[in-house]
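So in this note's numbering, spot 126 of the sequence shown is number 114, and the numbers just go up one at a time.
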Amino acid sequence: MVQFEDSSIPNVTGKIVLITGGNTGLGYIAALSLLSHDASVYIFCRNAEKSQLAIASLSKAISNPNTQKLGFVQCDLSAMASVRKAATEILQRVKRIDILMCNAGIMDFSNDGVTADGYEKHMATNHLGHALLVKLLTPMLEESARGGEGDVRIVVLTSATVNFFAPKEGIIFENLKTEQKELSVEQRYAQSKLANILYVKELAKRYPKLLCLAIHPGLVETGISYGGCQGSWGDYLWTMFFNSVAKFCWKVCGAGMKSPEEGAWNQIWGCVGNREEMKSGEYYEPVGVEGKGVALTRDAGLGERLWEWTEGQLKLSAE
Ligand SMILES: NC(=O)c1ccc[n+]([C@@H]2O[C@H](COP(=O)([O-])OP(=O)(O)OC[C@H]3O[C@@H](n4cnc5c(N)ncnc54)[C@H](OP(=O)(O)O)[C@@H]3O)[C@@H](O)[C@H]2O)c1
């Protein structure tokens, strides 16, 4: 385990960091931390109003507020057209990108259909939208790696739920253009988070100049941990009970549900920690602990198939 705290953050002055879902939860805390160390941060969020509130609160919280360093890009990751628009916008606004943090994510208990593009919602938001963003930004990321100091990173948030809930096949490709009602919400979430881990490995193989990491933050009290409250009464009661016990356990024995401030360290470490301590393509549990994923997370054949499937879908979306 790596000891990583605020004083471990190196000089990041001038680094350009893009964070999807930076308006709340872990993304917000990561944005705050990197901004307060003088990086420039752009948050990619779907809800403009909520994001302006986050921008105002981030500006107020950093000791030397400088609006040049903080930006918002509208981006709904569940809609390919919105991701394309967001990528075009950021490519016009910045000359380089040092860190792309694919942080946004959903665990959706509402069970209300597929996305506008026709995909299962978790796969669309958590994996496919991010894959498109990465694809469209890769030329600038690679250029930044060549032209600058060379330390360019893609940090993708995943989840250890993969180890418990992923379907036994890993990813059920045949049904990704359905609601996948045959799977539970937890299984659909874990399937998309497995895709995050496998995709990072594929990126690392194809883009050796970039450092690509898959990060599990731990169990953290954020909007996503209350996702069950949008579901049935049973889901609601179970979520409230589980979270209360998990928060109590964290306080009593240091294992359970952390606050976002405590939970964001693994992704901040991935963004700015010592590169020599990290392996591109690896999956890390908090903080900096590698090698904990189940066999599915290392299934090279499944990773290759995911890459091919994803490329096919991204191509279709461009037509
Ligand atoms: N909290 C945990 O215990 C935990 C554990 C393992 C992994 N993770 C992962 O950590 C990451 C951050 O989650 P969190 O815990 O900080 O949850 P959160 O507080 O619910 O934040 C999720 C973020 O994702 C954004 N988002 C959701 N759907 C989006 C869409 N279609 N387009 C653009 N942005 C969208 C949300 O924006 P809106 O405000 O617009 O909804 C929000 O900013 C996720 O990838 C999650 O899977 C969390």
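A virtual CB, placed ideally from N, CA and C, is assigned to each residue, including glycine. Values in this document were obtained by computation on a predicted structure and should not be read as measured data.
| Check | Outcome |
| --- | --- |
| Start and end of the beta strand (DSSP E) containing E292? | Counting along the chain, E292 falls outside any beta strand (DSSP E), though it belongs to the alpha helix (DSSP H) covering 288 to 306. |
| Considering just the uninterrupted stretch of the beta strand (DSSP E) at G59, what are its terminal residues? | 58 to 62 |
| In whole angstroms, what separates the C-alpha of K83 from that of I185? | 28 Å |
| Is any non-hydrogen atom of ligand 2 found closer than 8 Å to the C-beta of A92, if you look at the structure I gave you? | Within the structure as shown, ligand 2 is missing, the only ligands being ligand 1. |
| Which class does E273 belong to by DSSP, given the choice of helix, strand or coil? | strand |
| So what's V140 in DSSP terms, helix, strand or just coil? | coil |
| Going by beta carbon distance, what residues of the same chain come within less than 6 Å of T146, once the five residues before and after it are set aside? | K181, N184, I185, A202, H204 |
| Would you please state the rounded distance, in angstroms, between the beta carbons of G206 and G258? I believe it to be under 8 Å. | In fact, because the Cβ distance is near 13 Å, the residues do not count as touching under 8 Å. |
| Within 10 Å of its beta-carbon, does A44 have 16 or more other beta-carbons around it, so buried, or fewer, so exposed? | exposed |
| State the DSSP-derived secondary structure class of Y187, mapped to helix, strand or coil. | helix |
| Please identify the residue among Y187, F229, A154, S247 whose C-alpha is closest to the C-alpha of A178. | A154 |
| Tell me whether C97 counts as near ligand 1, meaning its Cβ is closer than 8 Å to at least one heavy atom of that ligand. | The question names Cys, but residue 97 in the sequence shown is Phe. No, since every heavy atom of ligand 1 falls outside the 8 Å radius drawn around the Cβ of F97. |
| To the nearest angstrom, how far is it from the Cα of S232 to the Cα of V(-10)? | 28 Å |
| Taking the C-alpha atoms as reference points, what is the distance between L120 and V240? | 42 Å |
| Output the boundary residues of the alpha helix (DSSP H) element that contains S232. | 221 to 241 |
| Can you round the beta-carbon distance between S24 and I50 to whole angstroms, since I take them to be within the 8 Å contact cut? | 5 Å |
| Would you mind sorting K48 into buried or exposed? The rule is 16 or more other CB atoms within 10 Å of its CB. | exposed |
| Going by alpha carbons, who is nearest to T1 out of F60, E299, I87? | I87 |
| I need the boundaries of the beta strand (DSSP E) containing F97, first residue and last residue. | That residue, F97, is in no beta strand (DSSP E); it is neither H nor E in DSSP. |
| Taking all protein chains shown into account, decide if E(-7) is buried (16 or more other Cβ within 10 angstroms of its Cβ) or exposed. | exposed |
| When you compare only the Cα positions, how much space is there between S213 and Q168? | 22 Å |
| Would you say A92 and G59 are within 9 Å of each other, going by their C-beta atoms? | no |
| Could you give the C-beta distance for V173 and M95, rounded to a whole number, given that I count them as a contact under 8 Å? | 7 Å |
| K197 and A133: beta carbons closer than 9 Å? | yes |
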